[in-house]
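By the count of the UniProt record's numbering, the sequence shown reaches residue 493 at its end, each step adding exactly one.
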Amino acid sequence: MDFYGTAATAIDHVVKVTLFIKGVISDIKDYDDDRATIQLKLGLQLTSLEFFRRRFLDDKHGLLLPGRLPEWIADTICSLLLKMKRVLAEYQVLVGRYEDFDDKVKAGGENDSVGKREKWKQSFFERAKSQAKSLKMKGYDWSLFDKKKLLGILEEYQGWTSNLRDVMQHFSQEMVYSLADPASPANNESESLEGTGLEQVVQRQKLVSAHPPDDFEGLEGEIVEEGTASNRFQPARWTCKGESQQVLVEYREYDRRLRLDDLDPEEIEELKAPVRNLAWLLQNSTFQDGGGNDAEMQQPAIYSLQCLGFIDQVEEERTVFVYKLPSLRAGTETKTGIKILTLHELITTIDAKTKRPLKPSLTDRFNIAHCLALTLSNVHASLWLHKNIWSRGILLFQQSVVLLEVGLWKTISQLFDARIKEGQRTGKLPKPKDVRNALVALAQSELPREMGNVYAGAVVRCLTSDFRKGSDTELSLDFRERVVDAIAAGMDL
């Protein structure tokens, strides 16, 4: 059996029918109350199918290419896709009446780029919208869009798509387990990673357990502060061997034992080793997706500053981490140096003219939230431990609380100002459970109006730890699907 060809054909049909349904109901008055929810459900199905296409049907590295998977697994996947196709069979016939369903040129075959497929999807969606009026003239055709009937079919469709996602998740888990096992053949075969999207994750995992080379030393040169500091971060100029560049530095005090205890050289070296190891890890890890139209296929993004190295300042009893500045926008540099803002400062910024908070657009807030969630997801998948996550220092304290702050564009200190003052007056701290319940209530009542139900649901899920926790990998994949991907759906609003 040609598993690759069967799967590719089934995917094309399912995608086209999904787009057709999405287009037709976009302007139907009967769907006013449920349109956004149904459109989102259909969008999530399309997202899952696109991820499946990239990993399993790529013409060079697709897992359904002959010899890449055991035959019984390939057969199971094809059966799943055919089930999805049969669920939508009535709509498939309907599409065939209005369009040449088997037109592979329009469908953007397997060899087309992601960009071309997206253009085709948009074009087909618009054509489907234009067919809604003519559909209303035909009783049988229009009966397929009875709300109760359509919702029932969508529920079954979602069930099969969920099974397909489970297959992809099991594959990802197995691949990570194999690569984490030094005895596994996959651990030493770089080709086994191609097309999986796990290449940089595994590279970071290996870096965590590796040690810097003996010749990795602290940076030379002089640091001169410029501009205004923001928490631990200070704009500065680093000069070394006649060359100078603007950087951002982070001061880290020595360990208490280094400052107060009388230690021998071996003990000093041992206490300083973790800082040296961290500098080497940060310097040798990539932090941004590659360019091009296919950015999603590139390495997982970690939106953090790229570390150039460290300077050991013995007299000041501290270590200085030197970071490369991100690309500067016009107006961010002044005569006194670089102006930097933490997320906390950005949220609390007041417009000088209107005397009101400078609130970004809905799209910008979704983008900020997505970058934060994606970074945390990829840091966790890379086996990096990151507990100090809090908004005042950009490295935020808990993902859910920060997503709440970004969504409402208010800091926790602003949202709970009255309660904080009451606690200061009485000297009593609230119980952790009461704090969490208050945050959940706020997310459920206020966030839907600002960011929509899907975003609010993702925040509540983080607050209540509503994830599969069978393993670190399972948690990571579940977080990616139910938070990162859910937030990404709002970036096109």
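C-beta: ideal position from N, C-alpha, C; glycine also.
None of the values given here were measured: they were computed from a predicted structure.
Just curious, the beta strand (DSSP E) that Ser244 is in, first and last residue? For Ser244, the uninterrupted beta strand (DSSP E) run begins and ends at 243-253, by DSSP.
Hey, residue 494 and Val484: beta-carbon distance below 8 Å or not? Coverage of the chain is limited to positions 1 through 493, which leaves residue 494 absent and any answer about it impossible.
Determine whether the beta carbon atoms of Ile268 and Val249 lie at a separation below 8 Å. Going by beta carbons, Ile268 and Val249 fall outside the 8 Å limit.
What is the rounded straight-line gap between the Cα of Arg237 and the Cα of Ile368? 28 Å
Of the listed residues Thr354, Thr18, Leu260, Gly423, nearest to Lys85 (C-alpha basis): Thr18
Report the three-state DSSP secondary structure of Phe310 (helix, strand or coil). Here DSSP, grouped into helix, strand and coil, assigns Phe310 to strand.
By how many angstroms is the C-alpha of Pro274 removed from the C-alpha of Cys307? 15 Å
Taking C-beta to C-beta, are Val460 and Ala486 nearer than 8 Å? No, the Cβ-Cβ distance between Val460 and Ala486 is not below 8 Å.
Starting from Ile11, follow the alpha helix (DSSP H) in both directions and report where the run begins and ends. 3-24
Please say whether Leu57 and Ala7 have beta carbons closer to each other than 8 Å? Taking 8 Å as the Cβ cut-off, Ala7 and Leu57 qualify as a contacting pair.
Rounded to whole angstroms, how far is the Cβ of residue 501 from the Cβ of Arg482, which I believe are closer than 8 Å? Since the first residue of the chain shown is 1 and the last is 493, residue 501 is not available in this structure.
Three or more beta-carbon pairs under 8 Å between the segment 43-50 and the segment 158-167, yes or no? At 8 Å Cβ cutoff, the stretches touch.
Can you tell me whether DSSP reads Ile38 as helix, strand or coil? helix
Indicate the three-state DSSP secondary structure (helix, strand or coil) for Ile487 in the structure shown. helix
Using the Cβ count rule (16 or more neighbours within 10 Å means buried), how would you classify Leu341? exposed
Ends of the beta strand (DSSP E) at Glu225? 222-225
Secondary structure of Thr363, DSSP reduced to three states: helix
Looking at Pro432 and Ile338, is the spacing between their C-beta atoms short of 8 Å? Taking 8 Å as the Cβ cut-off, Ile338 and Pro432 do not qualify as a contacting pair.
Exposure of Ser400, with buried meaning 16 or more beta-carbon neighbours within 10 Å: buried
For the candidate residues Tyr254, Ser361, Gly221, His370, whose alpha-carbon lies nearest to that of Glu243? A check of alpha carbon separations from Glu243 across Tyr254, Ser361, Gly221, His370 identifies Gly221 as the nearest.
Candidates Gly452, Asp12, Phe233: which alpha carbon is nearest Lys324's? Lys324 has its Cα closest to that of Phe233, out of Gly452, Asp12, Phe233.
Counted within 10 angstroms of its Cβ, other Cβ atoms place Leu151 as buried (16 or more) or exposed: Leu151 counts as exposed, since fewer than 16 other beta carbons sit within 10 angstroms of its beta carbon.
Residues that Thr319 bridges to, as DSSP identifies them: Arg252, Asp312
Using the three-state DSSP reduction, which class does Ser465 fall into: helix, strand or coil? coil
Do Thr239 and His344 have their CB atoms nearer than 8 Å? No.
So is Lys353 buried or exposed if we call it buried at 16+ other beta carbons inside 10 Å? Here Lys353 is exposed, its C-beta having fewer than 16 other C-beta atoms within 10 Å.
DSSP on Pro432, reduced to helix/strand/coil? Of the three classes helix, strand and coil, the one that applies to Pro432 here is helix, per DSSP.
In chain order, what residues of the same chain lie with their CB nearer than 8 Å to the CB of Ile420, ignoring the 5 residues before and after it? Ser413
Drop a sphere of 10 angstroms on the beta-carbon of Trp280, count the other beta-carbons inside from all chains shown, and report buried for 16 or more, exposed for fewer. buried
Candidates Trp409, Arg449, Leu154, Asn284, of which the one nearest Ile347 by Cα: Trp409
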